[in-house]
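Count along the sequence shown from 1, then add 6; that gives the number in my numbering.
The block underneath contains the structure these notes are about, expressed in structure tokens.
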Amino acid sequence: MIRRHFLALALSTGLLAGGFSGAAQAQMAPAIDKPVTITFYNYNLASAGLGREATLDLIARFEAANPNVKVEPIAAPSNEVLSRVQADMVAGLEVDVAQLVFRDLIYAAEQLGAQPLEDLAGDELSAHAEGFVPNGLALGAVNGKTYGLAYVFSTPVMFINRDLFRAAGLDPEKAPRTWDEVKAAGMAIAEKTGKHGFFPGAYGPIDGTFVYQAIVMSNGGGKVRDGNTLTFADKDQADAVAMLRDLMDSGAHARIDVGAHMDTFASGNLGMFLFTSAVLSRFETAAKGNFELGLAPMPSFGDKPTAPTNSGSAIFMFSQDPVKQRASWELMKFLTSDEAYSIITSKIGYLPLRPSTVEDPRYLKDWMAANPKFQANIDQLDRLTPNVAFPGPNYRQVENMMKEAVTEAVFGDGDPRAVLKTAQDTAQPLMPQD
């Protein structure tokens with residue numbers, strides 16, 4: 007209670023809302039020649055199902071290779087880690103490295119004091135980024151500088167219950183590749199099996215907007231904002247949401263609790279589920295002995311190329327001390343190395359930021375051969391589209407208003423385009439003024 011009070015006071019007085027500068031406060035030390043402890047705020051540590059053991063393994067490997075550095079792991083769920091970082095800053099505790107979701111990117115860079123890595127690492131950053139996926143550094147960039155180093159992320163993939171496809175008279179080898187095909191398959195599954203046809207993890211308070219944004223940006227490339235102007239109700243964007251509404255009205259789209267989608271698919275009651283590949287291991291466990299699991303790329307709007315948008319997180323440096331900055335940078339480099347991604351991909355299910363690991367026998371080549379389903383996710387890397395975060399102190403409120411409008415537009419009775427337009431007009435005054 008005291009910590010929340012201090013946090014509220016800090017926010018109201020500007021301590022955490024513009025009180026930090028993104029500029030480096032000191033020159034990073036050239037090397038670590040004495041013992042140092044750094045904190046690492048991480049949401050994968052908060053749940054075994056999201057990679058707790060794999061993350062602890064990564065930390066242990068880093069410490070073994072860097073005996074002068076001790077990493078203090080601090081676990082917090084993904085929807086709470088930012089608040090934990092803010093609260094600890096207000097309490098005077100040192101925050102060195104934090105894993106934050108991409109929705110917090112602009113806020114972390116402009117309001118929370120994240121360090122621009124070009125200013126600290128310079129040529130080291132450029133050298134380390136060689137071999138990243140196209141747009142790899144862009145995922146964590148704000149105004150031309152990298153504040154968040156892309157860490158664990160994925161693109162939306164279509165999970166398929168192949169048994170339900172067969173029961174509906176569909177060929178599981180020919181998973182739907184367009185939204186028209188999703189509609190037809192979803193209706194067939196619902197009508198012939200009594201189960202649910204399709205559902206996207208694009209709604210509700212616990213889901214990020216990456217699935218929704220990927221669908222929207224695949225319909226002509228339109229984004230949810232243009233600078234400080236909201237555009238999620240523009241024609242192409244609204245048409246994409248209207249398509250989801252049409253799926254709902256046709257019976258192809260399941261009308262279920264938006265918070266129950268993973269459980270519905272894991273129980274074998276949903277034919278197609280568009281969501282992050284990070285839950286692949288969970289679904290593989292659930293499917294054993296129950297149904298045959300398949301994966302396919304996200305569907306397209308006819309011949310338009312898809313724009314798979316990243317989920318997941320980046321790692322940010324908040325250290326001010328030169329030695330801790332060096333230790334933090336070494337940790338960040340290790341967590342985005344070939345060795346680290348061989349663990350992150352095989353043990354958790356996220357995409358490798360370095361595609362070469364997939365073909366390297368030292369890393370993921372053998373695992374990929376044993377897990378061919380994952381190729382559907384790898385194939386989308388060359389079209390990776392950065393998740394669009396919102397600027398300004400009201401960014402979460404704006405995002406929530408958009409998400410609530412999308413949910414109402416798909417699940418409600420009103421005209422979906424009108425619902426989006428009303429929400430956009432209401433949210434626009436909360437955006438920063440040009």
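Ideal Cβ positions, reconstructed from N, Cα and C, are used throughout, including at glycine.
| Query | Result |
| --- | --- |
| Pick out whichever of L176, D240, R360 and S325 has its Cα sitting closest to the Cα of F340. | R360 |
| Are there 16 or more other CB atoms within 10 angstroms of the CB of L99, so buried, or fewer, so exposed? | exposed |
| Quick check for students: name the residue ranges of the alpha helix (DSSP H) that lie wholly in the stretch 91–133, counting only runs of 4 or more. | 111–116 and 123–127 |
| Roughly how many whole angstroms lie between the Cα atoms of E410 and M304? | 23 Å |
| Tell me which same chain residues have a C-beta within less than 8 Å of the C-beta of K427, skipping the five on either side of it? | A239 and A244 |
| Going by beta-carbon coordinates alone, are L276 and K201 separated by less than 8 Å? | yes |
| To the nearest whole angstrom, what separates the beta carbons of M437 and L111, a pair I think is in contact under 8 Å? | About 16 Å separates the two Cβ atoms, so there is no contact after all. |
| In whole angstroms, what is the alpha-carbon distance linking G227 and G207? | 20 Å |
| Give the straight-line distance between the Cα atoms of V222 and Q92, rounded to the nearest whole angstrom. | 32 Å |
| Three or more beta-carbon pairs under 8 Å between the stretch 300–319 and the stretch 142–160, yes or no? | yes |
| Going by C-alpha distance, which of P378, I65 and D388 is nearest T161? | D388 |
| Among residues of its own chain, excluding the 5 on either side of Q439, which ones have a beta-carbon nearer than 8 Å to its beta-carbon? | N234 |
| List, from N- to C-terminal side, the alpha helix (DSSP H) runs of 4 residues or more that fit wholly inside the stretch 169–255. | 185–199 and 216–223 |
| For the alpha helix (DSSP H) containing N167, list its first residue and its last residue. | Counting along the chain, N167 falls outside any alpha helix (DSSP H), though it belongs to the beta strand (DSSP E) covering P162 to N167. |
| My output table needs one value for S27: the three-state DSSP class, helix, strand or coil. | Low local confidence applies: a pLDDT of 41 at S27 is under 50, so the model's placement there is unreliable, with the coordinate-based value given in what follows. Of the three classes helix, strand and coil, the one that applies to S27 here is coil, per DSSP. |
| Suppose the cutoff is 7 Å on Cβ atoms and the five residues either side in sequence are ignored; what does the same chain contact list for L131 look like? | L123, E124 and T152 |
| Could you have a look at S283 and say whether DSSP puts it in helix, strand or coil? | helix |
| Quick test of the definition: if touching needs 3 or more C-beta pairs under 8 Å, does the stretch 371–378 touch the stretch 387–404? | no |
| Under a Cβ-count criterion, where at least 16 other Cβ atoms within 10 Å of its own Cβ denotes burial, should P397 be classed as buried or exposed? | buried |
| Classify A37: buried if its beta carbon has 16 or more other beta carbons within 10 angstroms, exposed otherwise. | exposed |
| Sorted by chain position, which residues of the same chain lie with C-beta nearer than 7 Å to V77's C-beta, five sequence neighbours on each side aside? | I44, F46, I65, F68, E69 and L337 |
| Can you give the beta carbon distance from M407 to A429, rounded, assuming they're within the 8 Å contact cut? | 5 Å |
| Measure the Cβ-Cβ separation of L250 and F165 and say whether it is below 8 Å. | no |
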